[in-house]
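Peer 1: Letter 152 of the sequence shown, counting from 1, is numbered 152 in full-length UniProt numbering, and no numbers are missing. Positions of the beta carbon are idealized from the N, C-alpha and C atoms, including for glycine. It should be emphasised that the depicted structure is a prediction, and the values quoted were computed from it without experimental measurement.
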Amino acid sequence: MKHMEVVGVRVEMPSNQPIVLLKESDGERYLPIWIGAVEATAIALAQQGVAPARPLTHDLFRDVLEALDASLSTVNITSLSDGIFYAELVFSNGVEVSARPSDSIALALRTGTPIYAHDDVVDEAGVPIPDEQEDEVEKFREFLDQITPEDFGRTT
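1) Pull up the DSSP beta-bridge partners for H3, would you.
2) By the DSSP assignment, the beta strand (DSSP E) with I33 in it spans what residues?
3) Going by beta carbon distance, what residues of the same chain come within less than 8 Å of V127, once the five residues before and after it are set aside?
4) Please state if the CB of R110 and the CB of E39 are separated by a distance shorter than 9 Å.
5) Exposed or buried, L22, counting other C-beta atoms within 10 Å across all chains shown (16 or more means buried)?
6) How long is the line joining the alpha carbons of A125 and A42, rounded to whole angstroms?
7) Could you name the residues that DSSP lists as bridge partners for S81?
8) Going by DSSP in three states, A99 sits in which element: helix, strand or coil?
9) If you measure between the beta carbons of V75 and L45, is that distance less than 9 Å?
10) Is the CB of S15 under 9 Å away from at least one CB in chain D?
11) What is the rounded straight-line gap between the Cα of E96 and the Cα of G8?
12) Quick check on S25: does DSSP put it in helix, strand or coil?
13) What does the alpha-carbon distance come out to for the pair G112 and M4?
14) How is the alpha helix (DSSP H) around R62 delimited, first residue to last?
15) Just mark A117 as buried or exposed, buried being the case when its beta carbon has 16 or more other beta carbons within 10 Å.
16) What do you reckon, are the CB atoms on A70 and I77 nearer than 9 Å?
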């Protein structure tokens, strides 16, 4: 099992499909998982530390766990079959519940629970991006964010 960190939510172009991007804690492979818009919003809100006025489904689940004096031990991305990722929620009492990775990640972020992915899932779907290449991509994104049409000037 590989410990994974949530990098964030991105939108894949041109389809405008949200992706949650996980990264190996001790490696350079990224695991992109296509998710729904609602789950993307839930993950992004948790990452930004935004507390909605009323609890969203994942907030409610966290609150129910606390009320029952239970806790989530780990979230495991367990398999990939026909392009669909599968996950399991592992609770402090040893019970395991099948869940979608997007819901599992949203809950993990709210509870501070570690996320793991089976080695074979990362081997099959992981995308290696060396740190120095990642730095270059980020610098280019920053450049694009700051440039304006006027920076190109007109020669006609």
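Peer 2: Walking through what the data contain:
1) Y116
2) 29-34
3) R29, Y30, L31, P32
4) no
5) buried
6) 23 Å
7) I84
8) Here A99 sits in strand by DSSP.
9) no
10) This model lacks chain D altogether; it includes just one protein chain.
11) 25 Å
12) Reduced to three states, the DSSP call for S25 is coil.
13) 13 Å
14) Its alpha helix (DSSP H) spans residues 57-67.
15) buried
16) No.
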